[in-house]
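Engineer:
Protein chains: 2
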Amino acid sequence: MPSHDLSPPVAPPVAPPVAPRSARAEVLAAAAELFSRDGYPATTTRAVAERAGIRQSTLYHHFASKDDILATLLEGIVAPSLAYAQRLLDTPDPVPGARLWALVRFDTELLVSGLSNLVALHQLPEVRGERFAAFRETRCRKAVVYRELIAPLEPLTEADLRLRAELVLGLVEGTAAVARECAEQDAAAVPEAVADAAVRLVAGNGCPADRLALIRSGARLL
Amino acid sequence: MPSHDLSPPVAPPVAPPVAPRSARAEVLAAAAELFSRDGYPATTTRAVAERAGIRQSTLYHHFASKDDILATLLEGIVAPSLAYAQRLLDTPDPVPGARLWALVRFDTELLVSGLSNLVALHQLPEVRGERFAAFRETRCRKAVVYRELIAPLEPLTEADLRLRAELVLGLVEGTAAVARECAEQDAAAVPEAVADAAVRLVAGNGCPADRLALIRSGARLL
DNA sequence: GTCTATAAGCAGATAGAC
DNA sequence: GTCTATCTGCTTATAGAC
Numbered sequence: 060m061p062s063h064d065l066s067p068p069v070a071p072p073v074a075p076p077v078a079p080r081s082a083r084a085e086v087l088a089a090a091a092e093l094f095s096r097d098g099y100p101a102t103t104t105r106a107v108a109e110r111a112g113i114r115q116s117t118l119y120h121h122f123a124s125k126d127d128i129l130a131t132l133l134e135g136i137v138a139p140s141l142a143y144a145q146r147l148l149d150t151p152d153p154v155p156g157a158r159l160w161a162l163v164r165f166d167t168e169l170l171v172s173g174l175s176n177l178v179a180l181h182q183l184p185e186v187r188g189e190r191f192a193a194f195r196e197t198r199c200r201k202a203v204v205y206r207e208l209i210a211p212l213e214p215l216t217e218a219d220l221r222l223r224a225e226l227v228l229g230l231v232e233g234t235a236a237v238a239r240e241c242a243e244q245d246a247a248a249v250p251e252a253v254a255d256a257a258v259r260l261v262a263g264n265g266c267p268a269d270r271l272a273l274i275r276s277g278a279r280l281l
Numbered sequence: 060m061p062s063h064d065l066s067p068p069v070a071p072p073v074a075p076p077v078a079p080r081s082a083r084a085e086v087l088a089a090a091a092e093l094f095s096r097d098g099y100p101a102t103t104t105r106a107v108a109e110r111a112g113i114r115q116s117t118l119y120h121h122f123a124s125k126d127d128i129l130a131t132l133l134e135g136i137v138a139p140s141l142a143y144a145q146r147l148l149d150t151p152d153p154v155p156g157a158r159l160w161a162l163v164r165f166d167t168e169l170l171v172s173g174l175s176n177l178v179a180l181h182q183l184p185e186v187r188g189e190r191f192a193a194f195r196e197t198r199c200r201k202a203v204v205y206r207e208l209i210a211p212l213e214p215l216t217e218a219d220l221r222l223r224a225e226l227v228l229g230l231v232e233g234t235a236a237v238a239r240e241c242a243e244q245d246a247a248a249v250p251e252a253v254a255d256a257a258v259r260l261v262a263g264n265g266c267p268a269d270r271l272a273l274i275r276s277g278a279r280l281l
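In order, the protein sequences belong to chains A and B. Sequential numbering from 60 applies to the first sequence in my numbering. Sequential numbering from 60 applies to the second sequence in my numbering.
1) Give every residue of the same chain whose Cβ lies closer than 8 Å to the Cβ of G265 (chain B), excluding the five residues on either side of it in the sequence, and list them in chain order.
2) Looking only at its chain, what residues have a beta carbon closer than 6 Å to the beta carbon of A254 (chain B), apart from the 5 residues adjacent to it on each side?
3) Do you know offhand how far R110 (chain B)'s Cα is from H121 (chain B)'s?
4) How many angstroms separate the CA atom of A235 (chain A) from the CA atom of G98 (chain A)?
5) Pick out whichever of A:P151, A:V137, A:E85, A:P153 has its Cα sitting closest to the Cα of F191 (chain A).
6) Along the segment 99-113 of chain B, where does the CB come closer than 7 Å to a CB of chain A? Name the residues.
7) Given a threshold of 16 other Cβ atoms within 10 Å of its Cβ, counted over all protein chains shown, does L230 (chain A) qualify as buried or as exposed?
8) Let's see if you can read the secondary structure: which residues bound the alpha helix (DSSP H) around T197 (chain B)?
9) Using C-beta distances below 7 Å, list every residue in its chain close to L273 (chain A), excluding the 5 sequence neighbours before and after it, in chain order.
10) Looking at L222 (chain B) and A257 (chain A), is the spacing between their C-beta atoms short of 8 Å?
11) Let me confirm a value: E217 (chain A) is counted as buried when at least 16 other C-beta atoms fall within 10 Å, else exposed. Which label applies?
12) Who are the neighbours of P183 (chain B) on chain A, taking C-beta pairs under 8 Å?
13) Once the 5 residues before and after L215 (chain A) are set aside, which same chain residues still bring their CB inside 7 Å of it?
14) According to DSSP, is L212 (chain B) helix, strand or coil?
15) In angstroms with no decimal places, state the Cα-to-Cα distance between L141 (chain B) and V107 (chain B).
16) P61 (chain B) by DSSP, collapsed to three states: which one?
17) Taking its Cβ as the centre, do 16 or more other Cβ atoms sit within 10 Å of D269 (chain A), making it buried, or is it exposed?
18) Are the CB atoms of V204 (chain B) and L133 (chain B) nearer to each other than 8 Å?
19) Assuming L220 (chain B) and R206 (chain B) form a contact by the criterion Cβ under 8 Å, report the distance between their Cβ atoms to the nearest whole angstrom.
20) Anyone know if the C-beta pair for L93 (chain B) and T104 (chain B) falls short of 8 Å?
Rendered as structure tokens:
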């Protein structure tokens with residue numbers, strides 16, 4: 060006898076509209092929000108658990124420690140940035156400065172999109188530990204990419220090149236926190252403004268508006 | 060009988076070569092160092108007291124709370140910056156951009172001279188409390204000064220002006236932490252490099268090297 | 001003003017039942 | 001995998017002698 064009437068008359072359950080995040084993902088999301096808002100040391104594992112809808116002790120089935128949560132978060136956030144940066148290195152510059160513009164825009168967008176304070180953590184004392192070596196390593200590689208993108212644009216000594224790359228990084232990271240405050244502003248405009256500023260900052264002989272427009276259009280090809 | 064042989068044959072004790080800092084000053088110095096190095100929440104009052112050469116409980120004879128120490132520190136650091144900024148506002152620009160250059164240089168020097176992380180604290184969650192309202196207020200006034208120094212340099216909309224001022228602030232604050240890492244670099248050169256970068260960043264039509272040299276020399280008159 | 005002693009609470013992490 | 005219960009240690013801050 061066919062069992063066709065045992066099959067449900069309605070459509071079988073499909074994925075709910077909101078993705079059914081695993082408990083682990085729920086914890087990461089909660090931690091990202093709280094670490095950003097209140098800072099890492101000030102956020103208790105109890106608060107993270109509560110927001111994730113589980114008990115404090117259950118955290119330790121998914122993560123070895125509080126540090127482990129932070130490290131996972133940081134690595135996951137920095138990874139796309141580095142991937143994009145590496146891709147840019149393999150692409151020729153359509154217009155001189157276009158790749159730099161694109162990378163700064165990408166990074167700033169990453170930072171302002173909800174996790175600004177989190178990425179700003181790279182300069183926090185907590186991240187000095189062994190557990191975060193991989194994260195710091197990634198940040199160093201970012202600095203190298205910036206140097207390689209800037210080098211063809213300006214005749215600079217090695218020291219000046221390093222310095223200017225660090226200035227761009229400082230601008231990106233320093234602006235992230237700032238951007239959150241000015242929520243009044245069109246938040247979408249901030250990453251592009253930072254990218255413009257970075258290009259002007261790097262250009263020793265100035266970067267007039269028309270050349271900047273050229274760079275912007277070149278960056279759209281990347 | 061004269062007691063002349065009771066008086067010491069050597070010179071009477073004079074003030075020791077290192078200034079005899081009061082206990083309060085000692086605490087502030089210790090806290091500045093530790094808050095900068097390890098972060099505010101991670102620094103215990105015990106550690107501050109130990110470094111200051113007193114017991115933990117004795118702190119509370121000089122300060123009402125741990126927050127009180129931080130607030131005192133922050134206000135003391137930001138005050139000279141604001142004083143200098145206000146003075147600049149009362150002085151005409153010898154060369155367009157000279158005042159901006161001078162202020163950025165001053166602020167960056169303040170930040171890199173040992174207390175970088177401390178000033179970077181302004182964007183930390185801890186400083187959101189009522190106790191730190193005065194500090195936040197000061198920072199806002201700094202932003203206003205930057206706007207007023209930038210406004211005469213470029214024809215900008217109100218929104219763009221605000222944005223560019225925030226970018227300069229972000230650059231200054233973001234670079235501070237960075238500068239510490241590159242101790243290899245001539246640390247003295249960093250503030251001037253940041254000032255150069257700020258001027259280039261602001262200039263919409265570019266700032267060639269010769270004009271920058273002019274600005275630098277103009278800033279020396281301030 | 002500095003000390004000893006201690007209060008009162010909360011942190012991160014673990015044990016073990018279900 | 002999630003829970004309840006709890007351990008252990010450390011935190012800021014206070015009380016009160018000297």
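Even for Gly, the Cβ is constructed at its ideal location relative to N, Cα and C.
Structural biologist: If we stick to the structure as given:
1) R259
2) W160, V163, R164
3) 15 Å
4) Straight-line spacing of the CA atoms in A235 (chain A) and G98 (chain A) works out to 15 Å.
5) A:V137
6) P100, A101
7) buried
8) 192-209
9) V154
10) no
11) exposed
12) The residue asked about is misnamed: residue 183 (chain B) is Leu in this sequence, not Pro. Within chain A, the residues near L183 (chain B) are G98.
13) So the qualifying residues of the chain are R223.
14) coil
15) As the crow flies, the alpha-carbon of L141 (chain B) is around 28 Å from that of V107 (chain B).
16) With a pLDDT of only 43 at P61 (chain B), under the threshold of 50, the placement of this residue in the model should not be trusted, and no figure is reported.
17) exposed
18) no
19) 6 Å
20) no
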